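Structure first, commentary second.
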Amino acid sequence: MAKIFITGATGFTGRYVVRRLAEAGHRLTAFVRPESRREPVAGLVDAFTVGDLSDSDALRHAMDGHDILVNVASIGFGHAPDIVRAAERTGIKRAIYFSTTSLFTTLPAASKAVRQRAEDAIRASQTPWTIIRPTMIYGDPGDRNLIRLIRWVDRCPVVPVFGPGTFLLQPVHVDDLARAVPDILEREQTTGRAYNLSGGTALSYNELVRLVGELLGRRPRLLHLPVSVSLLAVELAQRLSRRITFSRENILRLNEHKAFPSDEAAKNFGYAPRALRDGLAEEVRLFRRGEV
28 MAKIFITGAT GFTGRYVVRR LAEAGHRLTA FVRPESRREP VAGLVDAFTV GDLSDSDALR
88 HAMDGHDILV NVASIGFGHA PDIVRAAERT GIKRAIYFST TSLFTTLPAA SKAVRQRAED
148 AIRASQTPWT IIRPTMIYGD PGDRNLIRLI RWVDRCPVVP VFGPGTFLLQ PVHVDDLARA
208 VPDILEREQT TGRAYNLSGG TALSYNELVR LVGELLGRRP RLLHLPVSVS LLAVELAQRL
268 SRRITFSREN ILRLNEHKAF PSDEAAKNFG YAPRALRDGL AEEVRLFRRG EV
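Written as structure tokens, this is what we have:
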């Protein structure tokens with residue numbers, strides 16, 4: 028099997044990707060920061076190399092001698108061009124890059140231009156590449172997305188909804204995303220393509236809240252707030268407390284569609300994500316057992 032160089036291996040998604048690649052028999056080298064927690068993948072990777080994606084020389088030296096690059100680390104921080112160049116200069120034969128469907132936002136998000144430049148650099152690369160763009164990722168005890176909603180619905184009878192709550196989401200389970208990586212590597216026709224990887228269910232935010240309530244045995248009441256009022260409230264809250272992490276962009280993103288078809292992925296490598304109800308039910312079980 029191939030010798031794979033993987034970035035972002037100790038992160039939320041990376042841990043699952045490492046597991047699936049190891050199960051497929053690949054030999055893995057994880058490029059990690061000095062402060063990264065290695066325990067979750069310690070028994071699955073063959074070697075750790077310590078460095079920083081901003082150090083292009085160290086990156087190139089660490090990547091040398093590998094067959095495949097799997098870049099799970101975010102391309103939203105400006106490192107992608109250096110990673111692409113390192114792959115070219117070290118003779119990487121195949122590369123998979125994780126991007127995100129947030130690239131398609133209609134909002135003037137600062138990270139959008141960075142991600143677009145990253146994808147442009149990848150597409151111009153001489154190394155055979157594949158880009159995968161997940162939607163909102165959920166399903167793990169480290170999930171920073173739907174677990175917040177699960178906790179809120181479990182504790183509070185009223186759920187504020189910023190806007191009408193009718194815009195569509197299509198969350199993807201982290202393990203469905205991870206399974207896609209070895210599947211992509213096994214199929215030559217996936218090179219030179221970008222795939223949107225969404226979950227098995229598209230639904231509105233209103234429907235999502237009700238589904239979470241049903242799985243928890245709760246009946247949450249939805250309190251719809253106008254977007255304009257919500258934006259003012261968040262601005263005021265942020266002035267009063269630095270602990271407020273919800274932003275204007277979060278509210279505006281809730282009011283645009285975030286559901287994307289994965290037909291090309293299904294056709295080219297058999298991508299078949301689980302239904303949201305099934306994935307959420309498992310996450311709720313973890314929550315009930317205190318594992319989330």
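Residue numbers are given in this note's numbering: position 12 of the sequence shown equals residue 39, and the series is strictly consecutive. Think of the CB as a built atom: it goes at the ideal place given N, C-alpha and C, for glycine as much as any other residue. This one's a predicted model, so the numbers in the text were calculated from it and none came from an experiment.
Check, Outcome
"Helix, strand or coil: which one does DSSP assign to H284?", "coil"
"Since V141 contacts G103 with CB under 8 angstroms, what's their CB separation in whole angstroms?", "5 angstroms"
"Is it buried or exposed, S268, if we count other Cβ atoms within 10 angstroms and call 16 or more buried?", "exposed"
"Who are the near neighbours of S152 in its chain, counting only those whose CB is closer than 8 angstroms to its CB and skipping five residues on each side?", "V111, A114, E115, A122"
"Can you tell me whether E310 is buried or exposed, with buried defined as 16 or more other CB within 10 angstroms of its CB?", "buried"
"On the criterion of 16 or more Cβ atoms from any shown chain inside 10 Å, does L259 qualify as buried, or is it exposed?", "exposed"
"K139 lies in the alpha helix (DSSP H); which residues open and close that run?", "137 to 150"
"Find the nearest neighbour of F131 within the set A302, E283, D290, judged by alpha-carbon distance.", "E283"
"Does T37 pass the burial test, meaning 16 or more other C-beta atoms within 10 Å, or should it be called exposed?", "buried"
"Measure the Cβ-Cβ separation of A148 and A107 and say whether it is below 8 angstroms.", "yes"
"Which one of P300, A205, F39 has the shortest CA to CA distance from P67?", "F39"
"Would you decide whether A264 is buried or exposed? Buried here means 16 or more other CB atoms lie within 10 Å of its CB.", "exposed"
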